Amino acid sequence: MRILRPLVLAGIVGLSSLVTGFVAVDRLAHTTFRAPPEMTIAKARTTDPETTGTVVQTAEAPAMKPARTIGGFDTERLNALMRGEMPPAPAAAPARKR
């Protein structure tokens with residue numbers, strides 16, 4: 008009777024190890040590896056308008072109207088300057104004839 012208890016415990020541990028081993032082998036035999044996903048290049052959407060109409064980047068600047076702003080602050084011009092748009096360079100003075 009004294010040996011029966013360790014034999015039952017050893018049998019249970021042995022059967023559990025055997026079942027665990029069979030399950031692991033079955034899992035490894037039926038493993039499928041998926042193909043790597045295709046790479047997707049993200050494209051940023053631009054939310055800024057194409058032109059604001061306040062800053063012109065050409066040599067021929069249209070006649071400037073006084074800005075009608077509330078409180079005297081031109082936010083469109085500030086936003087254009089923050090985007091990197093620069094006002095056109097001043098026209099060169101004509102050379103004098105001698």
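Each residue of the sequence shown is one higher than the one before, starting from 8 at the first, in the working numbering. Glycine included, each C-beta is placed from N, C-alpha and C at the ideal position. The model shown is predicted, which means the values in this text are computed figures rather than measured ones.
By DSSP, does residue i sit in helix, in strand, or in coil?
i: Gly111; result: Since the first and last residues shown for the chain are 8 and 105, residue 111 lies out of range.
i: Met89; result: helix
i: Arg9; result: coil
i: Arg41; result: coil
i: Arg103; result: coil
i: Asp81; result: coil
Buried or exposed: where does residue i fall if 16 or more other Cβ atoms within 10 Å of its Cβ makes it buried?
i: Ala102; result: exposed
i: Asn98; result: With the sequence shown as reference, residue 98 is identified as Ala, and Asn is not the correct amino acid for it. By the neighbour-count rule (16 or more Cβ atoms within 10 Å), Ala98 is not buried but exposed.
i: Ala87; result: buried
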